[in-house]
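Enquirer: Be aware that the sequence shown starts at 185, since it is given in my numbering, and climbs by one per residue.
Below are the structure tokens for one structure; questions will follow.
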Amino acid sequence: MSRALRILVAVVVLFGGVMSLSAAENAQLTRGTAVTDPDLLRKLDQDDVLTISRLLWPERNANFPLTNDLLFSWLPQLKDIPPAIDAEFDRYIAQQKATWPTETIGVGEGFDVQLFDRAVLKSPNMRFVLAGIVNRMDRAYVSEESCGEIRLIYRLARFDAGPDGAKTATRLPMTFNLVMKARDARQTDGSGKPVSCAEVARRWLDNGDWRGLIGGGFHPHDAMLDRIETNIQISIAPKSALHDFRSDYLLKVFKYNAATKTFEESTLENQIDRDRILADNDLRREFKSWLLAPENLREFDRGTVLIPERFLARAAVVPTPAGLDASALQPEFGMMQGEGKGEGKEAPVFSDNDVVGALKQAAARGDLQNIRSVAGFQRRLNDVTCAGCHQTRGIGGFHFPGVDWLADKPSNSTIVPASPHFVGDQVRRRDILTAFAADRRPDFSRGFASRPQTRGSAELAGTEYQDGWGAHCSLQDAGSGTRDKSFTSWSCATGLTCQAAAASRRIGMCFIKTR
Numbered sequence: 185m186s187r188a189l190r191i192l193v194a195v196v197v198l199f200g201g202v203m204s205l206s207a208a209e210n211a212q213l214t215r216g217t218a219v220t221d222p223d224l225l226r227k228l229d230q231d232d233v234l235t236i237s238r239l240l241w242p243e244r245n246a247n248f249p250l251t252n253d254l255l256f257s258w259l260p261q262l263k264d265i266p267p268a269i270d271a272e273f274d275r276y277i278a279q280q281k282a283t284w285p286t287e288t289i290g291v292g293e294g295f296d297v298q299l300f301d302r303a304v305l306k307s308p309n310m311r312f313v314l315a316g317i318v319n320r321m322d323r324a325y326v327s328e329e330s331c332g333e334i335r336l337i338y339r340l341a342r343f344d345a346g347p348d349g350a351k352t353a354t355r356l357p358m359t360f361n362l363v364m365k366a367r368d369a370r371q372t373d374g375s376g377k378p379v380s381c382a383e384v385a386r387r388w389l390d391n392g393d394w395r396g397l398i399g400g401g402f403h404p405h406d407a408m409l410d411r412i413e414t415n416i417q418i419s420i421a422p423k424s425a426l427h428d429f430r431s432d433y434l435l436k437v438f439k440y441n442a443a444t445k446t447f448e449e450s451t452l453e454n455q456i457d458r459d460r461i462l463a464d465n466d467l468r469r470e471f472k473s474w475l476l477a478p479e480n481l482r483e484f485d486r487g488t489v490l491i492p493e494r495f496l497a498r499a500a501v502v503p504t505p506a507g508l509d510a511s512a513l514q515p516e517f518g519m520m521q522g523e524g525k526g527e528g529k530e531a532p533v534f535s536d537n538d539v540v541g542a543l544k545q546a547a548a549r550g551d552l553q554n555i556r557s558v559a560g561f562q563r564r565l566n567d568v569t570c571a572g573c574h575q576t577r578g579i580g581g582f583h584f585p586g587v588d589w590l591a592d593k594p595s596n597s598t599i600v601p602a603s604p605h606f607v608g609d610q611v612r613r614r615d616i617l618t619a620f621a622a623d624r625r626p627d628f629s630r631g632f633a634s635r636p637q638t639r640g641s642a643e644l645a646g647t648e649y650q651d652g653w654g655a656h657c658s659l660q661d662a663g664s665g666t667r668d669k670s671f672t673s674w675s676c677a678t679g680l681t682c683q684a685a686a687a688s689r690r691i692g693m694c695f696i697k698t699r
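In structure tokens, the structure reads:
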């Protein structure tokens, strides 16, 4: 087992006892599912234990983390990432100029649309720092053999020399997510037996003996690497006469190819390629038929559907804020009846009758947990995508920015490690780990991204993570005098009231009651 992976697993054992008091509330909910303590993350990063270069190049002799000018040139596994990102930037700039021909676009405050500076990916003053470690065994339904995933999340940071020679650090809006398999099917325990998913889960939950949890003599690039996910705030556009304030994020995924030992550009999981589907009548018919098939609709309702690659995109540009109402800012817009012009290539993929009929049959089979209306189907079609989940209650476009351990006095947005969406989902994730640990088949289902599932209601009741300040809630439809059946359980905590935050007649926000 490599030293880096030994430390990664040891972190699982240690983090429960080293959390700072200021992180106590989040620590309780994330215990056994995530490592968020800034002091521990600082140590793992600064000691070059869990840096990107150490994990991808464990045999190197250098004892320092690689800055960006070296990272992408010294590590051949990463060589395809910068040109793929450059190509997306070129496409984005061309599209912006075509859509807003009177607006300027470029790097710096002098432009109407201010671009992320790609030069930082080649800078000797920049590097990625460890922001968090997240257990995602709740995703074992994607690959049961690997028992799910372990995600090491890194945040881009700039290091500048001050007048006294000391270095100051500033985090920049880009994350680099190195996704590893929770186990390798070939790894064995001390007795030579394969390590089970139950054993992996128990050691995360119980802080038990971590020896042999990951590794078994294999280097991480041989067996454990799965993919890299990047998230970049590609631009900021201040409010103008043409549009409201807008911030766009570029999402990319690079799948690891063990044969070539490189990360190759890939599709994003469940990121439907809306424009391509709408433009191709055969593809739209195929997509509708596939999604409404009983076995796929059931998994779609539970949030565990895996949409085939032929329907997916290789990148997503995600605008925020997107609001609560259907609009072109959302990834599925135009696929549901009433969202497009309704004719020719702009006709919807799913009519109301298509959805109502499929849901009625699914209800008769007892297949439905979440989707009970056309509006529920539409919401799931958004939040099952990478882009739709990204738009749900994130912090500055990121659900897990991590605590800023680089700054002496971090800003409010980086004192907490993650969004309410992330923290509120930890109860569900821990339930899945507990089922694994007990050798039971886990329930991998999840509710809508805007609200944690009701199975966590007892632990989350009264908090901002379920029905407290800022939570989404169910409104009475002014047109029908009823509440939409997909959202009737979305209530507010005592002392708060549900009020419309936009034109939506179905979903509102919880606010303090006013006279």
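Glycine residues also receive a C-beta, built at the ideal position from the N, C-alpha and C atoms.
In this text, all values refer to a predicted model and were calculated from it rather than measured experimentally.
#1: Which word fits Q455, buried or exposed, when buried means at least 16 other C-beta atoms lie within 10 angstroms of its C-beta?
#2: Among the candidates D567, M520 and D651, whose CA atom is the shortest distance from the CA of V558?
#3: Quick one: is F628 buried, meaning 16 or more other Cβ sit within 10 Å of its Cβ, or exposed?
#4: If you follow the alpha helix (DSSP H) that D344 is part of, which residue opens it and which one closes it?
#5: Distance, Cα to Cα, V681 vs D623?
#6: Along the alpha helix (DSSP H) that carries C682, what are the first and last residues, could you check?
#7: Once you ignore the five residues that flank P222 on each side, which residues in its own chain have a CB closer than 6 Å to its CB?
#8: H656 by DSSP, collapsed to three states: which one?
#9: Taking 8 Å as the cut-off, does the stretch 474 to 494 touch the stretch 415 to 423 (at least 3 CB pairs, one atom from each stretch)?
#10: Just checking N454 against the ligand PLP - is the residue's beta carbon closer than 7 Å to any of the ligand's heavy atoms?
#11: Assuming P266 and F256 are in contact, meaning their beta carbons sit under 8 Å apart, how far apart are those beta carbons, in whole angstroms?
#12: In terms of alpha-carbon separation, which member of W388, V304 and L659 lies closest to R367?
#13: With DSSP as the reference, label Y219 as helix, strand or coil.
#14: For S641, count neighbouring Cβ atoms within 10 angstroms of its own Cβ and tell me buried if that reaches 16, exposed if not.
#15: Could you pull out every residue in the same chain whose Cβ sits closer than 8 Å to the Cβ of T638, ignoring the five residues on either side in sequence?
#16: According to DSSP, what are the bridge partners of R421?
#17: Locate the alpha helix (DSSP H) running through Q279, then write down its first and last residues.
#18: What's the gap between the Cα of A341 and the Cα of G316?
#19: Assuming S473 is part of the alpha helix (DSSP H), what are its boundary residues?
#20: Applying the criterion that 16 or more other CB atoms from any shown protein chain within 10 Å of the CB defines a buried residue, is I696 buried or exposed?
#21: For L189, does the count of other Cβ atoms within 10 angstroms reach 16, so buried, or fall short, so exposed?
#22: Assuming F534 contacts K472 under a Cβ cut-off of 8 Å, what Cβ separation, rounded to an integer in Å, is found between them?
#23: Going along the chain, which residues of its own chain have a beta-carbon closer than 6 Å to the beta-carbon of S634, five neighbours each way excluded?
#24: So, under 8 Å CB-CB, G646 and C694 are touching, yes? Tell me the CB distance rounded to an integer number of Å.
#25: Whole angstroms are fine: how far does the CA of D551 sit from the CA of V437?
#26: Relative to the alpha-carbon of R226, which residue among A268, V313, G292 and R238 has its alpha-carbon at the smallest distance?
#27: Between which two residues does the alpha helix (DSSP H) holding S380 run?
#28: Give the DSSP-derived three-state secondary structure of Q230 in the structure shown.
#29: For R355, which of A271, I416 and E643 has the nearest alpha-carbon?
#30: Counting only the same chain and skipping the five closest in sequence on each side, list residues whose C-beta sits under 6 Å from that of R619.
#31: Among the residues of its own chain, which have a CB less than 6 Å from the CB of A621, if the five just before and after it don't count?
Expert: Here's the rundown:
#1: buried
#2: M520
#3: buried
#4: Not the alpha helix (DSSP H): D344 falls in the beta strand (DSSP E), residues E333 to A345.
#5: The identity of residue 681 in the sequence shown is Thr, whereas the question assumes Val. Rounded to whole angstroms, T681 to D623 spans 42 Å at the Cα level.
#6: Per DSSP, C682 belongs to no alpha helix (DSSP H); it is in the beta strand (DSSP E), L680 to Q683.
#7: V587 and W589
#8: strand
#9: no
#10: This structure does not include the ligand PLP; it has no bound ligands of any sort.
#11: 5 Å
#12: W388
#13: For the record, residue 219 in the displayed sequence is Val; it is not Tyr. DSSP places V219 in strand when its eight states are reduced to three.
#14: exposed
#15: G631 and S673
#16: The sequence shown places Ala at residue 421, not Arg. Beta-bridge pairing links A421 to R430.
#17: I265 to T283
#18: 14 Å
#19: N465 to L476
#20: exposed
#21: Note that L189 scores 38 on pLDDT, short of 50, meaning its location in the model is unreliable and no value can be drawn from it.
#22: 6 Å
#23: T576 and H656
#24: That belief does not hold up - the Cβ atoms of G646 and C694 are roughly 11 Å apart, past 8 Å.
#25: 32 Å
#26: V313
#27: Neither: S380 is in no alpha helix (DSSP H) and is coded neither H nor E.
#28: helix
#29: I416
#30: The residue you asked about is not Arg; residue 619 is Ala in the sequence shown. If we look at A619 and ignore the five residues flanking it on each side, its Cβ neighbours are P626.
#31: A382, A385, R386 and L389
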